[in-house]
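Sequential numbering from -16 applies to the sequence shown in my numbering. Even glycine gets a Cβ: it sits at the ideal position worked out from N, Cα and C. Keep in mind the model is a prediction, meaning the values are calculated, not measured.
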Amino acid sequence: RESRRAGHPAWIALLAEQRAMRHSTAYLVLHAVVLGSGLVAVYLWEWGPAHLAPVLRYALAILACGRPALSLAGWLVINDVVYIVFGICSLRRRPASSPRLCCCGRGRARHSVDEERAP
């Protein structure tokens, strides 16, 4: 039995929900890493060795002022823009047991976006 919500099959809603959860988790991890590294830098600046203070000052400036750039880089990776634009898999390793397989299992290391959409 196929239940429909807003004219779409139920499995499409499930896939959309899974994608939203995966993206939400990735953004949460991205911003937690940025915030956590900033907190570690502040801790080390206050209570760490004195010779690290100039480096930590620059690190904090980069984390604070560069947050939009870090968010953009995260967005590019999370939304797989490299794959969409260039047709190659980004940040996904091929399994060691089958080095010729792409991350989506097409049997090659590269494939185009048009091949992905082909039936």
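So, under 8 Å CB-CB, residue i and residue j are touching, yes? Tell me the CB distance rounded to an integer number of Å.
{"i": "residue 13", "j": "residue 57", "result": "4 Å"}
Just to confirm before moving on: does the CB-CB distance between residue i and residue j stay below 8 Å?
{"i": "residue 35", "j": "residue 27", "result": "yes"}
{"i": "residue 103", "j": "residue 43", "result": "Residue 103 cannot be examined here, being either before or after the span of the chain that is shown, -16 to 102."}
{"i": "residue 20", "j": "residue 59", "result": "no"}
{"i": "residue 61", "j": "residue 9", "result": "yes"}
{"i": "residue 71", "j": "residue 65", "result": "yes"}
In the DSSP assignment, find the unbroken alpha helix (DSSP H) run with residue i in it and report its ends.
{"i": "residue 56", "result": "50 to 61"}
{"i": "residue -5", "result": "-7 to 30"}
{"i": "residue 67", "result": "64 to 69"}
How about residue i: is its C-beta nearer than 8 Å to some C-beta of chain B?
{"i": "residue 24", "result": "In the structure shown, chain B cannot be found, because there is only a single protein chain."}
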